[in-house]
Amino acid sequence: MDDPVDLTGDGGVLKTIITKPRDDALAPSDSIPVVDVHYEGTLAETGEVFDTTHEDNSVFSFEIGSGTVIKAWDIALRTMKVGEICKITCKPDYAYGITGSPPEIPPNATLVFEVELVACRPRKGASLGSVSDEKARLQELKKQRESIAASKEEEKKKREEAKAAAAARVQAKLESKKNQGKGKGKAK
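No gaps in the numbering here: position 96 of the sequence shown is 96 in our numbering, and each next residue is one more.
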């Protein structure tokens, strides 16, 4: 995990990259400001989860800069690329402030989000210039999703292999302990 980066200069929004995107991954821009994200939000003080898309495996979509999300998200998502997963720590001034968002978020709460940028795309009805540009963009998104899926599958395979190796080591230890007491007869 990278060191936290202060995106606001006052410690209000800190971003720590957990999973780096590919160098050529798409990033939100003026022409593709709508983003799809997976996220989990927790209260910094207690670690309690107050919102997540992981339970139902849904995505949350919004347009960057439209004022529909907390300030910290507008700031942090502008710095992300598709496939990137990061931790965003948001001080109250960049989240829900002195009022909070009862009952889940108390007043003056610092929030921590783990966010994955799944995709970015143009606003509905926006023109990207040509059909070929749109096709190329969709092909790139498909490649990125396939790459992310392959990476996740590889990580899963490695975890399963590590679990199997650990189980084999435990089994071998148990077998060696069983065999230690056998074959030791009394001397005459």
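Virtual Cβ for every residue (Gly too), placed ideally from N, Cα, C.
Distance from the CA of D24 to the CA of D36, rounded to the nearest whole angstrom, comes to 18 Å. By DSSP's assignment, L7 forms no beta bridge with any residue.
In the three-state DSSP reduction, L77 falls in the helix class (H, G or I). R123 places its beta carbon less than 8 Å from that of P33. Distances from the alpha-carbon of G97 to those of L77, V5, G12 put G12 closest.
Our two residues, R78 and K163, have alpha carbons roughly 38 Å apart in a direct line. Rounded to whole angstroms, the separation of the alpha carbons of A109 and I17 is 22 Å. A distance below 8 Å separates the beta carbons of A95 and A72. Apart from sequence neighbours up to five positions away, the residues of its chain that approach F62 with a beta-carbon distance below 6 Å are T68, V69, ordered along the chain.
Here A76 is buried: its Cβ has 16 or more other Cβ atoms, across all protein chains shown, within 10 Å. A distance below 8 Å between beta-carbons, with the five flanking residues on each side excluded, links E84 to the following residues of its chain, in chain order: I17, T19, K20, P21, A25, E116, L117.
In the structure shown, Y96 adopts coil according to DSSP, grouped into three states. Assignment of beta-bridge partners to R121 by DSSP yields V34. Of the other Cβ atoms in all chains shown, fewer than 16 fall within 10 Å of the Cβ of P102; this residue is therefore exposed.
For the pair D10 and A166, the Cα-to-Cα distance works out to about 45 Å. Of the residues assessed, M80 falls on the buried side of the cut-off, its CB having 16 or more other CB atoms within 10 angstroms. When beta bridges are read from the DSSP output, F62 appears opposite V35.
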